[in-house]
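Okay, here's the thing in structure tokens:
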């Protein structure tokens with residue numbers, strides 16, 4: 001969507017944001033949520049904070065960065081409300097549980113590691129996220145998602161004992177990404193963890 005198309009749906013988007021982000025404790029967090037969603041809707045290959053802020057007329061990189069990385073709002077009620085709104089619209093005939101790899105340059109983003117990257121079809125620096133989508137023949141929507149953070153990605157302060165990175169192809173105790181997928185599937189089905 002270009003800026004004019006986003007502006008045409010802005011009133012409807014404002015109602016959606018007010019509903020979905022109602023659990024965010026502060027008004028400024030809800031406003032940043034509106035700005036962030038408009039940034040995601042705009043045309044552009046890169047959906048980084050910097051790229052989205054540069055495309056938005058009211059985009060403020062620092063505000064968006066704080067909304068995503070430092071705000072104290074809880075994402076669980078937001079995801080729950082998205083589920084409540086989308087399930088009746090989609091009327092899912094299937095649940096799709098998938099892992100998605102996102103190629104990354106460098107290692108500054110959380111959970112970036114050299115690992116198999118399905119998007120590239122080879123081993124590369126990437127993040128891996130697991131998602132659950134409600135799907136029908138006419139629509140689909142991600143309803144649950146989590147970034148896969150393996151043992152090798154934990155901060156040094158997390159555990160006083162050194163953490164060994166997994167060797168390529170080594171399966172983590174507890175199932176790695178498959179464990180995240182099962183947990184997300186149970187969450188989406190309303191059965192908890």
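Residue numbers (the UniProt record's numbering): 1 to 193. By construction, the Cβ of each residue, glycine as well, lies at the ideal position given by its N, Cα and C atoms.
Beta-bridge pairing of residue 16 - partner residues as DSSP gives them: In the DSSP output, where bridge partners are listed per residue, residue 16 has none listed.
Residue range of the alpha helix (DSSP H) that includes residue 130: No alpha helix (DSSP H) holds residue 130; the beta strand (DSSP E) holding it covers 122 to 135.
Boundaries of the alpha helix (DSSP H) in which residue 112 is found, first to last residue: From DSSP, residue 112 is part of no alpha helix (DSSP H); its letter is neither H nor E.
Residue 97 - partner residues in DSSP beta bridges: Its beta-bridge partners are 132.
Reference residue 110, options 1, 146 and 52, closest by Cα: 146
Helix, strand or coil at residue 102 [DSSP, three-state]: Secondary structure at residue 102: strand, using DSSP grouped into helix, strand and coil.
When 83, 34 and 26 are compared against residue 6, the one with the closest alpha-carbon: Out of 83, 34 and 26, 34 has the C-alpha closest to the C-alpha of residue 6.
Top-ranked residue by Cα proximity to residue 4, from 18, 38, 49 and 68: 38
Coil, strand or helix - residue 54 by DSSP: helix
Three-state class that DSSP yields for residue 70 in the structure shown: DSSP, reduced to helix, strand and coil, places residue 70 outside both helices and strands of the structure shown, so it counts as coil.
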